Amino acid sequence: MTEPATETRSVVVEREFAFPAERLWRALTQPHLIEEWLMKNDFKPEVGHRFNLRGEWGGVLDCEVLTLEPQKSLAYTWNFSHEDAAFDLKSVVTFTLTPTGAGTHLRVEQAGFSPTQKQAYGGAHAGWKQFFTRLDELLARPD
């Protein structure tokens with residue numbers, strides 16, 4: 001007897017930002033800054049903290065901080081309950097910051113898309129690119 005396939009896919013988006021890791025870290029972990037580039041939230045940079053991200057489309061993501069290594073990495077669940085299995089998502093988002101000569105390389109991976117969630121997968125890929133554009137605009141503003 002064979003087990004059903006539990007293969008999942010990940011969306012990975014990477015970009016180098018012309019800013020130090022400390023500046024990116026603030027944008028990833030301070031609620032008022034997260035709201036400016038990602039979504040409204042009640043985030044706290046504490047492992048185990050449960051929070052919500054509230055999208056402009058009216059959706060609410062249930063999240064929990066899984067790992068936190070200041071200025072290096074941050075991971076949290078990114079779960080969206082939906083009656084349509086194509087959009088019912090249980091995933092993990094991991095941000096990895098790596099200093100470079102010109103600033104900081106930021107890699108985001110959202111893992112957990114089933115093969116049947118093609119539209120959600122494509123939407124996440126496009127969404128993270130838009131979020132990164134907004135993040136870059138936020139970082140470019142003077143403090």
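Residues 1 to 143 in full-length UniProt numbering are what the sequence shown lists, from first letter to last. No residue lacks a Cβ here, since even glycine has one placed at the ideal position from N, Cα and C. All values reported here derive from a predicted model rather than from experimental measurement.
#1: Could you tell me the alpha carbon to alpha carbon distance between Gln141 and Phe131, rounded to whole angstroms?
#2: So, for Glu7: in the same chain, excluding its five sequence neighbours on each side, which residues have a beta-carbon less than 7 angstroms away from its beta-carbon?
#3: Rounded to a whole number of angstroms, what is the C-alpha to C-alpha distance between Leu61 and Gly101?
#4: Pairs of beta-carbons, one from the segment 67-74 and one from the segment 12-26, closer than 8 angstroms: are there three or more?
#5: Using the Cα positions of Ala126 and Val11, report the straight-line distance between them to the nearest angstrom.
#6: Tell me whether Glu3 sits in a helix, a strand or coil according to DSSP, three-state version.
#7: Which residue's Cα is closest to the Cα of residue 147: Gly58, Tyr121, Thr104?
#8: Which residue's Cα is closest to the Cα of Arg54: Leu97, Ser81, Glu46?
#9: In terms of residues, what are the limits of the beta strand (DSSP E) holding Thr100?
#10: Let me confirm a value: Val108 is counted as buried when at least 16 other C-beta atoms fall within 10 Å, else exposed. Which label applies?
#11: Considering only the beta carbon of each residue, do Glu36 and Leu106 sit closer than 9 angstroms?
#12: Suppose the cutoff is 8 angstroms on Cβ atoms and the five residues either side in sequence are ignored; what does the same chain contact list for Met1 look like?
#13: Considering Cα atoms alone, identify which of Gly103, Thr96, Lys90 is closest to Phe113.
#14: State the start and end residues of the unbroken alpha helix (DSSP H) segment that holds Leu139.
#15: Which residues share a DSSP beta bridge with Gln110?
Let's see:
#1: The amino acid at residue 141 is misidentified as Gln; the sequence shows Arg. Their backbone Cα atoms lie some 16 angstroms apart in a straight line.
#2: Pro115
#3: 35 angstroms
#4: yes
#5: 10 angstroms
#6: With a pLDDT of 47 at Glu3, under the threshold of 50, the modelled position of that residue is not reliable, and no figure is offered here.
#7: No information on residue 147 is available, as it lies outside the stretch 1 to 143 that the chain covers here.
#8: Ser81
#9: 89-100
#10: buried
#11: no
#12: Because the pLDDT at Met1 is just 44, under 50, the model does not fix this residue reliably, and the point stays unresolved.
#13: Lys90
#14: 118-140
#15: Val11, Val93
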